[in-house]
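Asker: Heads up: the sequence shown begins at 13 in my numbering, then just goes up one per residue.
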Amino acid sequence: RHGVGERAFWVLDPVDGTDGYVSDGQYCVALALIASTGDASHAVVEVGILGCPRLPSGHLNGDDGSAGCVFVAARGLGCYQLPLFGGDGAPAGVRLRVREMPSAPSDGGVSLRPCAGENARRSDERGAFGRALRSQLRPKYDPSPPIRVTSQVKYALLARSECDVFAKLPHEDYREYMWDHAAGSLLVEEAGGKVTDGKGRKLEFDGEDGKMNSSNWGIVASCGGEVHEDVAVAIDNALGESEKK
């Protein structure tokens, strides 16, 4: 595509979500095109594709027998869900949008549907996201029990408005790998959501050895707008409380 830049490369995760794959749960094949745009030191995701063989087309826990989805996003061109198996009679691709959050009801908080990894300890080793949801976000929000799923399928669920927010907050010295987030992050952005690191900074896909830039720590993805800002502040407060203990 015109304007991608002189330096471009693909990143592939052939089995993202190994735990889900071996336990008959969710997993995906993730492919992304990362390229420099103007400033050679700054790389962004231009194309993101997730193939989710076990994800029902309608709902994570659906039983309509239509398992198998492909999610495709291109920068500036939107995010789409297509059936994994095409052919005559296959449904057409559907453009996806994140959930538009409702106004706060007078009798309680706004419903918030978080998503989390199946191994919560691995994805939030200091418990900051859980604490933020339980205390920092109330009473403005009323978080439901998290949807638990492995891999970048979480990004797909967020893009098709099946959840509202998820975070991965590992130890401070851990750096994420590009192939674990590149494709999914573009899906969410092109569906109208927002993805930053755990401290609200823009994701930088220009690190070494397949890792994110050293300035990035953790991941926060959401349906965007006020929700993202509120979650970022809540996580920061929760982290501050843990450092005082």
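Ideal Cβ positions, reconstructed from N, Cα and C, are used throughout, including at glycine.
1. What residue ranges within the region 29-87 form continuous beta strand (DSSP E) runs of no fewer than 3 residues, ordered along the chain?
2. Hey, out of GLY212, HIS240, GLY204 and ASP242, whose CA is closest to ARG87's CA?
3. To the nearest angstrom, how far is the alpha carbon of ALA246 from that of ARG150?
4. Going by the CB atoms, is the gap between ALA42 and SER48 shorter than 9 Å?
5. Is LYS214 helix, strand or coil when you go by DSSP?
6. Could you name the residues of the same chain whose beta carbon sits closer than 6 Å to that of GLY15, not counting the 5 residues immediately before and after it, in chain order?
7. Looking only at C-alpha atoms, which of LYS223, GLU220, ASP221 and TRP229 sits nearest to VAL207?
8. Which of the three DSSP states, helix, strand or coil, is assigned to LYS206?
9. I need the boundaries of the beta strand (DSSP E) containing ALA233, first residue and last residue.
10. Rounded C-beta distance between GLU184 and ASP31? I'm assuming under 8 Å.
11. So, are the CB atoms of TYR189 and GLY222 less than 9 Å apart?
12. Hey, would you say ALA195 sits closer than 9 Å to LYS166, going by beta carbons?
13. For GLY80 versus LEU62, is the C-beta spacing smaller than 9 Å?
14. Please classify TYR186: does DSSP put it in a helix, a strand, or coil?
15. Please report how far the alpha carbon of GLU253 lies from the alpha carbon of TYR33, in whole angstroms.
16. DSSP three-state call for GLN93: helix, strand or coil?
17. Mind checking which residues open and close the alpha helix (DSSP H) that includes LEU145?
18. Can you list, in chain order, the residues of its chain whose CB lies under 8 Å from that of ARG213, leaving out five sequence neighbours each side?
19. Whole angstroms is fine: what's the gap from GLY29's alpha carbon to THR162's?
20. Between the beta-carbon of ARG107 and the beta-carbon of GLU174, is there less than 9 Å?
21. So, for LEU199: in the same chain, excluding its five sequence neighbours on each side, which residues have a beta-carbon less than 6 Å away from its beta-carbon?
22. Could you give the DSSP three-state label for VAL23: helix, strand or coil?
23. Of the residues VAL243, ALA44, LEU67 and PHE21, which one's Cα is nearest the Cα of LYS153?
24. Over what stretch of residues does the alpha helix (DSSP H) that includes LYS166 continue unbroken?
25. Our contact map puts ASP176 next to SER234 with C-beta atoms below 8 Å; I'd like the distance itself, whole angstroms only.
26. At the level of alpha carbons, what is the spacing between GLY105 and LEU94?
Answerer: Let's see:
1. List check, beta strand (DSSP E) in window: 40-49, 51-68 and 79-86.
2. Per the Cα distances, GLY204.
3. Roughly 10 Å between the two C-alpha positions.
4. Not a contact, by the Cβ cut-off of 9 Å.
5. Coil.
6. At GLY15, the pLDDT of 45 sits below 50, so the modelled position is not reliable; the number obtained from the coordinates is stated separately. Within the same chain, GLY15 has no close Cβ partners at all.
7. Checked all of LYS223, GLU220, ASP221 and TRP229; the closest Cα to VAL207 is TRP229.
8. Shown here, LYS206 sits in a strand according to DSSP, grouped into three states.
9. Residue range 231-234 is occupied by the beta strand (DSSP E) that includes ALA233.
10. Not really, about 24 Å apart at Cβ, beyond 8 Å.
11. Contact annotation: TYR189 and GLY222 have beta-carbon atoms nearer than 9 Å.
12. No, Cβ-Cβ distance for ALA195 and LYS166 is not below 9 Å.
13. In this structure, LEU62 does not lie closer than 9 Å to GLY80 by Cβ.
14. It is coil, neither helix nor strand.
15. Straight-line spacing of the CA atoms in GLU253 and TYR33 works out to 36 Å.
16. It is a strand residue.
17. According to the DSSP assignment, LEU145 belongs to no alpha helix (DSSP H), since it is labelled neither H nor E.
18. Correct list, in chain order: SER227 and ASN228.
19. Those two C-alpha atoms are separated by around 5 Å.
20. Contact annotation: ARG107 and GLU174 have beta-carbon atoms that are not nearer than 9 Å.
21. Closer than 6 Å at the Cβ level, and outside the excluded window around LEU199, lie GLY60, PHE83, ALA85, CYS91, TYR167 and ALA171.
22. Note: VAL23 maps to strand in three-state DSSP.
23. As written in the sequence, residue 153 is Tyr, which differs from the Lys given in the question. That would be VAL243, whose Cα lies nearest to the Cα of TYR153.
24. DSSP places LYS166 inside the alpha helix (DSSP H), whose first and last residues are 165-171.
25. A Cβ-Cβ separation of about 6 Å places ASP176 in contact with SER234 under the 8 Å criterion.
26. Each residue's Cα considered, the two are about 4 Å apart.
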